[in-house]
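Data block below; observations after.
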Amino acid sequence: MNSKKAENRMDEMQELQLLRLEEHGFWITFWALCAAVAAQALAGTGFREIVGELAVLVIAGGWIMVLCLKNGLWARSYRPSMKTNAVCSVIAGLALGGVFAVRAFAVLHKPLSPELAGRIALAMAAACGVCFGVLEAARAVYKRRRARLDDAEENGK
Amino acid sequence: MGRNVKIKAARAELDMTQKALAEAVGVSRQTMNAIEQGNYNPTIKLCRAICRVLGKTLDELFGEEDYNEQ
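Protein sequence lines, in the order shown, are assigned to chains A and B.
So for the first sequence, the working numbering puts the first residue at 2; every next one is plus one.
So for the second sequence, the working numbering puts the first residue at 3; every next one is plus one.
See below:
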């Protein structure tokens with residue numbers, strides 16, 4: 002097997018264009034997969050049937066998050082703050098609760114009961130809490146990493 | 003970003019085609035055309051390669067006054 006890396010036949014502008022196209026391709030695939038998982042959940046598909054898609058989403062999301070943190074990058078438009086993280090977590094919780102509610106009442110035609118409402122509320126709260134915890138942990142890592150990278154650049158390391 | 007007419011002028015001085023300049027600096031003609039049209043900002047490495055081939059300085063080819071805003 003040839004261990005040499007294949008020669009790059011692109012010049013810098015073509016490389017940049019390809020990177021942009023690949024970036025768009027990644028995000029289109031990511032959100033399309035999210036939509037597909039949500040649609041399947043809404044259609045009443047069981048967890049076992051969508052576990053593959055969920056695994057891909059977790060791997061892709063985790064991969065990009067780890068690499069962004071490693072390179073000291075956060076979101077383009079938002080500063081890392083507890084408020085932003087809280088808002089994002091509430092949105093995630095509401096989205097998950099919405100999917101669960103639609104699935105339970107409109108698709109599976111389950112009767113409205115305090116127990117079911119409680120379970121949906123619990124799922125929403127859990128999703129919100131987990132999301133907030135992950136985002137806050139990521140924010141703490143980002144701050145440490147940013148400080149380290151800025152210090153290294155300043156000292157010319 | 004405006005057109006870079008200085009590169010075109012420097013090429014003309016040497017009677018060099020866009021394709022020949024692109025080959026000399028190791029990029030595609032598409033990229034060289036985009037630089038001259040002001041559609042792509044080259045890296046400093048490529049700027050220096052273009053200057054070397056055309057026998058000009060960075061200031062002469064890429065100095066701010068050389069970019070004519072459209």
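Here a beta-carbon is modelled for each residue, glycine too, at the ideal position from N, C-alpha and C.
All of these numbers come straight from a predicted model, not from anything done at the bench.
Per DSSP, the continuous alpha helix (DSSP H) segment holding Asp61(B) begins and ends at 60 to 64. Neighbourhood of Thr33(B) in chain A, by CB distance below 8 Å: Asp12, Glu13, Met14, Gln15, in chain order.
In the DSSP annotation of this structure, the continuous segment of the alpha helix (DSSP H) that includes Gly99(A) starts and ends at 83 to 103. In the structure shown, Arg77(A) adopts coil according to DSSP, grouped into three states. Taking the Cβ atoms as the reference, Lys47(B) lies roughly 19 Å from Arg31(B), outside the contact range of under 8 Å. Residue contact with chain A for Ala36(B): present (Cβ-Cβ distance below 8 Å to some residue of chain A). Taking the C-beta atoms as reference points, Gly40(B) is found nearer than 8 Å to Gly4(B). Close to Thr45(B), with beta-carbon spacing below 9 Å, are these residues of chain A in chain order: Glu13.
Taking C-beta atoms as the reference points, Ser90(A) and Phe31(A) fail to come closer than 8 Å. Residues of chain A with a Cβ closer than 8 Å to the Cβ of Val29(B) are, in chain order, Asp12, Glu13, Met14. At the C-beta level, Gly73(A) and Leu20(A) stay beyond 8 Å of one another. Boundaries of the alpha helix (DSSP H) harbouring Glu16(A): 13 to 43, taken from the DSSP string. For Gly62(A), the enclosing alpha helix (DSSP H) has its first and last residue at 48 to 71. With fewer than 16 other Cβ atoms from the protein chains shown falling within 10 Å of its own Cβ, Gly47(A) counts as exposed. When DSSP assignments are scanned along the region 13 to 37 of chain B, the uninterrupted stretches of alpha helix (DSSP H) that are 4 or more residues long and fall wholly within it turn out to be 20 to 27. Burial check for Arg13(B): the Cβ neighbour count within 10 Å reaches 16 or more, so the residue is buried.
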